[in-house]
Structures are given as structure tokens and as C-alpha cells.
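Chains as they are written, first to last, in this note's numbering: chain A, 5 to 319; chain B, 5 to 319. Idealized CB from N, CA, C, for every residue including glycine.
So, in C-alpha cells, the structure goes:
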């Protein structure tokens, strides 16, 4: 029995699920949203190996980097080299985050096929994060999205602080919906709803998705939950019940250390897979193999995995 | 603004909840199920201070110790001294775990008003944990429960491995229900359903509770979830939706089970409170104050809190 066979045997059999529509797609954001927020980050070769190994687990979408200021975000400074060094992964979506036209030009220059753009639902976060109002950020992005689509790229939208903002406090669903709607109207194929500070509970996610569903197609929405308060898996469950079938997750819970104060990592891919497979949902992702990838990147960063599933199955 | 005021301000406002029956009771098991399974355990005075501080947070039930073999479970060897040293907490339920008639006699000798008894739903765990079959354990307990009730004590029942056993694998709801029913028939006022190795997902908890609800009163059931695979908060949510309003939790996520492979601590009291208050449920427990208690016991044990909420709010 191999190590991954032993892990598979240790896992629980799925229980009957009341959920309809059993296919779920994960967007692996560890190489970008995860590594961007780690105290240490790996060299280019390790990033390329990470992405290649993630793809081999069956993930169909992996965010591979960001064309942002290398001074502000040094962890993403080698995104061009990472993209150029990737093996052919033609059947996989590999978005890169871009904040502006310069970023889009860099993405185009290395042959990216998909970009991601990000706006905040709250004024306070928009001002502190990208130094402009929400409205100004939309105006700024309009040209970027249009140029990207003209160039044949797919565009994914992120909305951050969809439930609570670290500066403005609670954010009402009625504030979020128009921003999501705007991104979809500009031609984003999908908009990811980000609980950036991990403050939401399932009731908040439900209220938000109910508000979205009145005017927006739920199949165009993704859930992007951070595990700061340990609520992320429950929030995935609530979003599943509201019809969401796409989730952003991060291998090994990259983006926050479990033993450091104020860990704010994305929900771990391993934990979400354990949930989904236990619910009888299909993801196409090999969990035991992914646990090995989580172990690989955790060792490379010299830290413990932030995924409970990763730690339990590696024991 | 005090430290607890600042924490309260950092917390999210509750979202409208679809749940009916908004009062939830927590049974704090940190001083017993938690400390029993820690690598280090504190001295008697620290335990007494822990319990006293927990009571001051508004918890109405705290499991304070176990009258078990001091050789096998040295962390619980001072339970008699702990119980004798407690200040008057007359309005609080303070159960102690007892495995047999000797344990009951010890509990009675120090004036305990409530005991907890524990049986396994799975044969493998029963044999390894208490060296007898499930049926033999029921026979053994029958006299203990009867004697306890004759002495005027309340008796709480635990059933372990209600979803998966580390030795036997998956456990069917049809195996669990008769054991729960037997405990209720013997006069237990409440039976706590233990996912001892934390393997369950919300679908498993739902299936189990559906099976229980066909013949048993759901208001007599409690959820006891471990967070080994990061599913515990989602499982609390599933149990809430199935009508359960009592949960066993452990401050700072103390504990684990030494006899269950891969088990980590109970779900953290702080995380469950964050969930419940975010859902608009009432617990009567002061979360910011409880976070301080979690910090106190984590420091006393020389370890980091296992509660994401505790770490986030102590930032």
C-alpha cells in the first residue's frame, strides 16, 4: 500500500447528501493569495514545481501569480518567470492577478490566457489597499477588462470585504450586489465573493447569497473564504446550500500560519476537499495526493501545514 | 476601552438567522476531556482557577474532572481535590466522569451532584478503551446509573465513535441509536453524541440525527465534535439545523483523545461561541472574557491556543 493509498483508506465514506448538483470546481489560490501573504516565500523553481504538482492532483484552475508592484509585493516579483517556466498545462485555467493596464500588458507579454481583477465592496479597504474609492477602481478597471477581452482573455472578478471590512466594519449585502453586478456586466465570467478577514458566519453568507440571487446568476459566483475565525468550512457549506459550486482554496492553508497569532490564511484546499468528498460531491481532485503537495510546500516554507486535514493525514 | 471591550468591538454583528429556538447551552469540557489529553497538565490550583474563571464567563455547565485510574490518566488524579477546592457554584452544573461504581463512590464522597458515563457505539473502541464489549459496558453501567440516581444525582451519557471508529471504520447510525436510547431509558437526562476522531462531515451528522429523531427526543441530545479534520464548526451548524441546542466544547480547543489515532482537541468553545453569536443565537456566555480564559490556560500549559477565534481576538 502506498502512502496515498493509506491516506485514502483513513478517510471517511461519503454520507448521503441532500445537495443537488454534485460537481464542484476549486480555484487553487495558494501560489498567489497564499504565498503573497506568507512571511517567507519560495524561489521560482519551487513555485513552478508547486503549480505543476497541484495540476497533477486534478485541479482545473490555479491562480499562478500577480503582476503587481514588486516593491509592494516582493513575493510576486517573479510572476513572469513563473508563467514562462510552466510546462504545457493547456487544459487548465491559470489566471494571474492584475491591478491595472501595466499588469495586463505584462500578462499578455508572457502569453497568459486569463486574468483576475479585484475590487473592494467597502470604501475603507479600497482606499487603504489601492488608494482610490470603489467607484474610481471600477472606472480604472473598465478599460483593463475591455482590453483584456478584446485580446481574447477570460477575466475573473474578485470582490473583497463582502461581509466585513477591517476599517469600515460590517458591509451590507446591498453594498456588495451592485459591485458584483458591475463586474459581470463588464464581462467577467465569474465573480469571487471574498470574506477577506474571515469574519463571516454561515448566516452572513446566506444573507449575502440570497441578496445576490435576486438579480444575479448564482452559477457565476464563487466563494472565497478565509479561516481567521475558523468559520470557513461552515461558510463553504452554507454557500453550497445556496447553490454556489466554485470555491477558492489554498493548499496547506497558505497565507497564514496556524501557530502564529492572527493567522489569516485562505481556507485550506485539503479541508474543503475533505468536506466535499464527505458530502458525496465530485471535484476531480485527488485528496491524498494533494495532501502530499501541501506537505511539500509547507516543508519548503519551513512551517507546519495550516490544514487540519493535511496534518491529520500526514500523521 | 478595556481589552474585552476592544474584542467585542472587533466582532461581527449577527446576521438574520433562519434557525428557530435561539438558546444554546454549552457544556465546557476543557477541564476534563481537554486537560486529560494534553501532553502537560496544570496543578490543582490552576485547574480550580480555570474552572472558576470559566464559570465567571457565564457557562452553566462545566465538566470538572474524572474519577478514573490515576495510573492510566494521571491528569485527572487530583479530581477529588479540585472538586473540594471549588468555590460555591451552586447554580452551575459541574459533572464528573465516572467509569464504574468505585468512581461513583468517589464522586459521592466529595459531594458531586452530577456524573457523566461513557459508552462506545463501536466494538473496537470499547474493547481498546475500556476492555469490554459495548453490551458488557451497558451492563456494567446499569448499576452505576441506578445507584447514582438513587443518590439523587443527575447522569449525563456520552456515546463515542458515533460516526467513525479508529479500529472498526465507519459506524452506521443504526448502530448508534440503540445505545443512545438505552442511556436515555436508564435515566440519563442528556446524551452527548461524540465524533471522537473528528471524521464526520455535516452530511454524516445530519444522517445520524435524522436516524435519532425517528425514535428519540432531539432536545435530549448534545453534539460533541472534535476538530481533527477541521469539520467541527460545520458539524455544529448541521446539528443546530437538526434541532440540537447543546454542545460540548473546550476552551482554547484543549485536548484530544490518546486512545483515538489522529484525534485532536475538542472544538474550541471560542469558535462555537463566535459561530452561535454570529447566527444570532443566545448562549449567556461572554466571548471576550472567555478568550482571556483561553489565553490564561494556554499560557499555563506553555502552548498556543488551538482556537482560531482565540488567536484572532488576542492579536
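Based on the DSSP secondary-structure assignment, which residues constitute the bridge partners of residue i?
i, result
"residue 169 of chain A", "A:173"
"residue 124 of chain A", "A:164"
"residue 65 of chain A", "A:97"
"residue 308 of chain A", "Its beta-bridge partners do not exist; DSSP assigns none."
"residue 252 of chain A", "A:31, A:228"
"residue 335 of chain A", "Residue 335 of chain A cannot be examined here, being either before or after the span of chain A that is shown, 5 to 319."
"residue 119 of chain B", "B:100, B:159"
"residue 195 of chain A", "A:161, A:225"
Does DSSP put residue i in a helix, in a strand, or in coil?
i, result
"residue 270 of chain A", "strand"
"residue 294 of chain B", "helix"
"residue 147 of chain A", "helix"
"residue 264 of chain A", "Because residue 264 of chain A sits at a pLDDT of 49, beneath the cut-off of 50, its placement in the model cannot be relied upon, and the following sentence gives the value as read from the coordinates. Three-state result, residue 264 of chain A: coil."
"residue 230 of chain A", "strand"
"residue 129 of chain A", "helix"
"residue 71 of chain A", "coil"
"residue 315 of chain B", "helix"
"residue 15 of chain B", "coil"
"residue 138 of chain A", "helix"
"residue 7 of chain B", "helix"
"residue 301 of chain A", "helix"
"residue 55 of chain B", "helix"
"residue 113 of chain A", "helix"
"residue 219 of chain A", "coil"
"residue 4 of chain A", "Not covered by the structure: residue 4 of chain A. The range shown for chain A is 5 to 319."
From this set, the options, which residue's C-alpha is nearest residue i's C-alpha?
i, options, result
"residue 74 of chain B", "B:247, B:107, B:53, B:58", "B:107"
"residue 186 of chain B", "B:227, B:141, B:109, B:37", "B:141"
"residue 147 of chain A", "A:167, A:172, A:121, A:130", "A:121"
"residue 240 of chain A", "A:196, A:113, A:72", "A:196"
"residue 206 of chain A", "B:133, B:295, B:280", "B:280"
"residue 49 of chain A", "A:14, A:59, A:88, A:42", "A:88"
"residue 194 of chain B", "B:238, B:110, B:234, B:252", "B:252"
"residue 42 of chain B", "B:312, B:304, B:183, B:208", "B:304"
"residue 312 of chain B", "A:286, A:83, A:269", "A:269"
"residue 37 of chain A", "A:258, A:278, A:287", "A:258"
"residue 245 of chain B", "B:210, B:233, B:219, B:145", "B:210"
"residue 203 of chain A", "A:167, A:183, A:213", "A:167"
"residue 256 of chain A", "A:278, A:144, A:27", "A:278"
"residue 62 of chain A", "A:306, A:316, A:291, A:308", "A:291"
"residue 17 of chain A", "B:175, B:271, B:310, B:307", "B:175"
"residue 149 of chain A", "A:8, A:56, A:192", "A:192"
"residue 154 of chain B", "B:117, B:293, B:309", "B:117"
"residue 4 of chain B", "B:177, B:156, B:158", "No answer is possible for residue 4 of chain B: the residues shown for chain B start at 5 and end at 319."
"residue 320 of chain B", "A:285, A:235, A:273", "Since the displayed chain B opens at 5 and closes at 319, residue 320 of chain B lies outside it and no answer follows."
"residue 57 of chain B", "B:103, B:34, B:238", "B:34"
Between the alpha carbons of residue i and residue j, how many angstroms are there, rounded?
i, j, result
"residue 127 of chain B", "residue 226 of chain B", "22 Å"
"residue 265 of chain B", "residue 201 of chain B", "Any reading at residue 265 of chain B must be qualified, since the residue scores a pLDDT of 48, below 50, and its modelled position is unreliable; no value is offered."
"residue 283 of chain A", "residue 314 of chain A", "18 Å"
"residue 261 of chain B", "residue 101 of chain B", "At residue 261 of chain B, the pLDDT of 48 sits below 50, so the modelled position is not reliable; the number obtained from the coordinates is stated separately. Each residue's alpha carbon lies about 15 Å from the other."
"residue 80 of chain B", "residue 230 of chain B", "20 Å"
"residue 97 of chain B", "residue 67 of chain B", "8 Å"
"residue 247 of chain B", "residue 51 of chain B", "33 Å"
"residue 163 of chain A", "residue 169 of chain A", "12 Å"
"residue 319 of chain A", "residue 189 of chain A", "48 Å"
"residue 70 of chain B", "residue 83 of chain B", "6 Å"
"residue 15 of chain B", "residue 124 of chain A", "20 Å"
"residue 289 of chain A", "residue 300 of chain A", "17 Å"
"residue 233 of chain A", "residue 275 of chain B", "7 Å"
"residue 183 of chain B", "residue 145 of chain B", "12 Å"
"residue 119 of chain A", "residue 11 of chain A", "35 Å"
"residue 180 of chain B", "residue 198 of chain B", "10 Å"
"residue 223 of chain B", "residue 287 of chain B", "16 Å"
"residue 90 of chain B", "residue 298 of chain B", "19 Å"
"residue 13 of chain B", "residue 294 of chain B", "15 Å"
"residue 173 of chain B", "residue 6 of chain B", "49 Å"
"residue 19 of chain A", "residue 137 of chain B", "27 Å"
Residues in the segment 209-235 of chain B having any Cβ partner in chain A nearer than 8 Å: 210, 211, 231, 232, 233, 234, 235
Note down, in chain order, all residues in the segment 281-303 of chain B with a beta-carbon under 8 Å from any beta-carbon belonging to chain A. 282, 283, 284
Determine which residues of the segment 23-49 of chain B have a Cβ less than 7 Å from any Cβ of chain A, and write them out in chain order. none
Residues of the segment 82-105 of chain A in Cβ contact with chain B at a cutoff of 7 Å, in chain order, please. none
For the segment 160-172 of chain B, enumerate the residues whose C-beta is nearer than 8 Å to any C-beta of chain A, in chain order. 167, 168
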